[in-house]
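**Q** Going by the UniProt record's numbering, the letters in the sequence shown line up with residues 1 to 96, in that order.
Just so you know, even glycine gets a beta-carbon here, dropped at the ideal spot from N, CA and C.
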Amino acid sequence: MGDLDGVRAGNVIAFGIDGYKGKETVIVVAEVKPTDTSGDLEAIRHRIHTRTLDVSGLPPRDVLLVRPGTLPKTSSGKLQRAKCRETYVAEGLELA
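1) Suppose the cutoff is 8 Å on Cβ atoms and the five residues either side in sequence are ignored; what does the same chain contact list for Pro59 look like?
2) Please report how far the alpha carbon of Arg45 lies from the alpha carbon of Leu64, in whole angstroms.
3) Buried or exposed: which applies to Ile17, given that a residue is buried once 16 or more other Cβ atoms fall within 10 Å of its Cβ?
4) For Pro34, collect the residues of the same chain with a Cβ closer than 7 Å to its Cβ; drop the 5 residues on either side in sequence, then sort them by chain order.
5) Using the rule of at least 16 other Cβ atoms within 10 Å of the residue's Cβ for burial, across every protein chain shown, is Ala43 buried or exposed?
Written out as structure tokens, the structure reads:
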């Protein structure tokens, strides 16, 4: 998804959570570029939603945009999907 306007390459996390009637749904959390000129945040969210649906065949339940440098990473720089999921569930993400 990093090739989408307004999204920082390599800084997107997707994970599943239990949804209605126990069916897993997709959540996407993406860092926006610090100097974004691609339009408003809602337009970026829409592009991510469309791309997720095109690639996976599943519509994301949520698409959240966060400030650059706020996605959890390991000391070696790898994205921490489980920690991001925990933070999402606790409503602790710092939204852009």
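**A** In short, the structure shows the following:
1) Val26, His49, Thr52, Leu53
2) 7 Å
3) exposed
4) Pro68
5) exposed
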